[in-house]
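What follows is one structure encoded as structure tokens, with my remarks underneath.
2 protein chains.
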Amino acid sequence: MKITILGNNSAIPAHGRNPSAQIAEIKDFLLLIDCGEGTQMQMIKYGIKRSKIRYILISHLHGDHYFGLIGLINSFGLLGRTDPLHIYCPELLPGIIQAQLDASSAQLPYELHFHIIADTGERRVLVDDAVCRISCFPVDHRIATHGFVITEKAKARKLDLEACRRYEIPQYFYKRLQAGEDYEQKDGTIVKNEWVTLPGLEDKVYAYCADTRHTLSFVEDVAAADLIYHESTYLEADADLAILRYHSTAAQAAAFAEAAGVKRLLLGHYSSRYKEIEAFEAEAKRRFPNTVASFEGMEIRV
Amino acid sequence: MKITILGNNSAIPAHGRNPSAQIAEIKDFLLLIDCGEGTQMQMIKYGIKRSKIRYILISHLHGDHYFGLIGLINSFGLLGRTDPLHIYCPELLPGIIQAQLDASSAQLPYELHFHIIADTGERRVLVDDAVCRISCFPVDHRIATHGFVITEKAKARKLDLEACRRYEIPQYFYKRLQAGEDYEQKDGTIVKNEWVTLPGLEDKVYAYCADTRHTLSFVEDVAAADLIYHESTYLEADADLAILRYHSTAAQAAAFAEAAGVKRLLLGHYSSRYKEIEAFEAEAKRRFPNTVASFEGMEIRV
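Encoded structure:
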């Protein structure tokens, strides 16, 4: 899985930084997480193949996380998209989008499916297909907001073809071996899966913690993550603003990552009050060394 | 009056070109004409003082002309604007904007006034204050669309102070002299205005013809213009597309400018099918030599 940062500024565009948007690339399709104004321009700038976007996740309805969505939906139509598009979002978003499509008498040439995440807070699986699983969890922000866990499923176990032949396993059973099953021979002898297969790759887990006040209420949701994106709107010197505005500091993001026991921390959603962002990474690293500060255009492998 | 082009591409952002948005600078305030996605970023890029925007004109509700408006309105709030903002727009826009403000529970710290231009087509004065007059006129597009005429009023006539004293004109009457009145002395003698004043500057007139199919139905509305912006979505080789999609070619824009008898023509709203835009100016100039093709960041004095 590869994450590309298209925008990581909070509230208003400033200092050349754009509002929130990220791409997760999983095998042959893309997933867009939040979609601030100008996201479609950022996609062109960073060479993102828009047509490969299958799922869009919108964490909450502050403008810096979704004002670019209508433009993208509209452009998909003008570009002749035919693949269905699935959007996971808060309750009020479909009405906002539909009102704008109606105003222009636009007929989209593709199916647009909205899947509502209730404002009361939900903790459930949104997508579970052959290659990925996406789930949501509530965070603590001024309006209803959800984070997302994206799991790229491990490749199946690898067949040891010579061993399979030696144990006379029929080819029709190979798929079940890859899925981890043992094989029972005609005489009742069990052939253990690990005798005839080799390990595949492990699941890769990315968690996007959206906009949130410092809280440990969702550490369990993201505990398995190889990488989490946790907002750091402020530095610790402005911790009072973080509380007031339902945001976190870089030090709080680090404390969260440590408590959750994740492998790596990615910072972002910087306030416009900071022209330079070097201090964020330094502040977080004092508590959680495996931290990196996101920058626009950054690509990071999970 | 100075026009700054912030975006001049049609439909979708492409080739580094942004959707429609222009600034007209009149004395100490700004007027924004259309507001495609990313307009607020373009304002930062081209050094536009956002806080000086007093009026916003939205020609029609195709996304490339207004998707950036909610972001700008929202940012004005976050930046602490207190000056009222006046938006002249189609009927459905206030509902679209309000739904998005409601979704984020945003309370704007300034007054936002919407002034509706009826979808049935209106031809009337929208603003008439000390320094400018703005009026609208219907054009011929797929959905209800209006163009705008913006007049920067001539400065008042200049006083010839020595002559004023010679004719013993009291100071309280100076303002009326500047407005062009004659003065009547106590004995009934008339002091002609031109004996005691000198000419001021002339009105400057800019017309924005929005998105339109080729038509001469609004030549009279823009006849007084020093400069008109007329869309040229296509080149003449694609004239069939222009008809089909309710747009114009560069040659048609030139024919319109000639018929209207305006002084200068500014082209724009180029289709994404053209990577290079040099051909537009050349095509229009064959019919109307005083043509210039707009480019992003261009500043042009009216």
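So the sequence lines, in the order shown, correspond to chains F and G.
Just so you know, we're using our numbering here: the first sequence kicks off at 10 and counts up by one.
Just so you know, we're using our numbering here: the second sequence kicks off at 10 and counts up by one.
Note that the Cβ used here is the ideal one computed from N, Cα and C, for glycine as well.
As the structure is a prediction and not an experimental result, all values here were calculated from the model.
Can you pull the chain F neighbours of G80 of chain G, defined as C-beta to C-beta under 9 Å? The contacting residues are I21, P22, P28, G45, E46, G47, G72, D73, F76, G77.
Residues of chain F with CB under 8 Å from I105 of chain G, in chain order? Those are I105, A108, Q109, A112, listed as they occur along chain F.
With a floor of 3 residues, list each beta strand (DSSP E) that falls wholly inside the segment 172 to 234 of chain G, ordered by position along the chain. Segments of the beta strand (DSSP E) lying fully in the segment 172 to 234 of chain G: 213 to 217.
Hey, out of F:A139, F:A153, F:I152, F:L225, whose CA is closest to A188 of chain F's CA? Nearest of F:A139, F:A153, F:I152, F:L225 to A188 of chain F, Cα basis: F:A139.
Apart from the five residues on each side of it in sequence, which residues of its chain come closer than 8 Å, Cβ to Cβ, to A232 of chain F? Within the same chain, A232 of chain F has close Cβ partners A269, G270, V271.
Residue of F:I125, F:L186, F:F85 minimising C-alpha distance to R174 of chain F: The candidate whose alpha carbon is nearest that of R174 of chain F is F:L186.
Between which residues of its own chain and K294 of chain G is the CB-CB distance below 8 Å, once the five residues before and five after are set aside? Cβ within range, chain order: A263, T300.
Comparing alpha-carbon positions, which option in G:E292, G:S280, G:T91 lies nearest L274 of chain G? That would be G:E292, whose Cα lies nearest to the Cα of L274 of chain G.
Below 8 Å on the Cβ atoms is my guess for Y215 of chain F versus D235 of chain F; work out the distance and round it to an integer in Å. Rounded, the Cβ-Cβ distance is 7 Å, consistent with contact.
Runs of beta strand (DSSP E) lying entirely within the segment 279 to 310 of chain G, each at least 3 residues, in chain order: Residue ranges of uninterrupted beta strand (DSSP E) with 3 or more members, entirely inside the segment 279 to 310 of chain G and ordered along the chain, are 300 to 302, 308 to 310.
One or two residues paired with V134 of chain F in a DSSP bridge: Answer is F:S144, bridged to V134 of chain F.
Out of G:G45, G:D220, G:R133, point me to the one whose CA is closest to N83 of chain F's CA. Of the listed residues, the one whose Cα sits closest to N83 of chain F is G:G45.
On the three-state DSSP scale, how would you describe Q109 of chain G? If DSSP states are grouped into helix, strand and coil, Q109 of chain G belongs with the helices.
Let me know the secondary structure DSSP gives E161 of chain F once reduced to three states. Three-state result, E161 of chain F: strand.
Would G80 of chain G and Q49 of chain G be called neighbours here (beta carbons separated by less than 7 Å)? One thing to note: G80 of chain G has its Cβ within 7 Å of the Cβ of Q49 of chain G.
Contact under 7 Å by Cβ, A33 of chain F with G16 of chain F: If you check the CB distance, A33 of chain F and G16 of chain F do not come in under 7 Å.
Could you tell me which whole alpha helix (DSSP H) segments of length 4 or greater appear in the segment 39 to 69 of chain F? For the segment 39 to 69 of chain F, whole alpha helix (DSSP H) runs of length 4 or above, ordered along the chain, are 48 to 54.
Looking at the strands, I want to know which residues DSSP matches up with Y119 of chain G. Bridge partners of Y119 of chain G: none, in fact.
I32 of chain G bridges to which residues according to DSSP? Answer is G:T13, G:L41, bridged to I32 of chain G.
Which of helix, strand or coil DSSP assigns to G77 of chain F: If DSSP states are grouped into helix, strand and coil, G77 of chain F belongs with coil.
List the whole-angstrom C-beta distance separating F38 of chain F from R63 of chain F, where the pair is believed to meet the contact cut-off of C-beta under 8 Å. About 4 Å separates the CB atoms of F38 of chain F and R63 of chain F; that is less than 8 Å, so the two are in contact.
In whole angstroms, what separates the C-alpha of H150 of chain F from that of T221 of chain F? Each residue's alpha carbon lies about 5 Å from the other.
Local Cβ density within 10 Å of K213 of chain F, reported as buried at 16 or more and exposed below that: By the neighbour-count definition (other C-beta atoms within 10 Å, threshold 16), K213 of chain F is a buried residue.
When you compare only the Cα positions, how much space is there between Y21 of chain G and L88 of chain G? According to the sequence shown, residue 21 of chain G is Ile rather than Tyr. Cα-Cα distance, rounded: 29 Å.
Who are the neighbours of S280 of chain F on chain G, taking C-beta pairs under 7 Å? Here the premise fails: no neighbours, minimum Cβ distance about 11 Å.
For the beta strand (DSSP E) that contains L253 of chain G, what are its first and last residues? Note, L253 of chain G: premise wrong, no beta strand (DSSP E); alpha helix (DSSP H) at 248 to 253.
To the nearest angstrom, how far is the alpha carbon of M7 of chain G from that of H69 of chain F? Within the shown structure, residues of chain G are numbered from 10 to 311, placing residue 7 of chain G beyond reach of any answer.
Tell me the residue span of the alpha helix (DSSP H) that contains E267 of chain F. From DSSP, the alpha helix (DSSP H) with E267 of chain F extends over 259 to 269.
Quick check: is the beta carbon of S60 of chain F nearer than 7 Å to any beta carbon in chain G? Not an interface residue.
Beta carbon proximity, N18 of chain G to chain F, threshold 7 Å: With 7 Å as the cut-off, N18 of chain G does not count as an interface residue toward chain F.
Which residues in chain F sit within 7 Å of M307 of chain G, going by Cβ to Cβ distance? Within chain F, no residue comes near M307 of chain G; the closest Cβ sits about 19 Å away, beyond 7 Å.
Examine chain G for any beta-carbon lying closer than 7 Å to the beta-carbon of L250 of chain F, and answer yes or no. So no, L250 of chain F is outside the interface.
List, in chain order, every chain G residue whose beta-carbon is nearer than 9 Å to that of I152 of chain F. The answer, in chain order, is A112, S113, S114.
Contact residues within the segment 117 to 144 of chain G, judged by C-beta distance below 7 Å to chain F: Cβ contacts with chain F come from no residue of the segment 117 to 144 of chain G.
Would you tell me roughly how many angstroms separate the C-alpha atoms of F76 of chain F and L101 of chain F, rounded to the nearest one? Near 13 Å, if we compare the C-alpha coordinates of L101 of chain F and F76 of chain F.
Whose CA, out of F:E308, F:S113, F:F297, lies closest to the CA of D73 of chain G? Nearest of F:E308, F:S113, F:F297 to D73 of chain G, Cα basis: F:S113.
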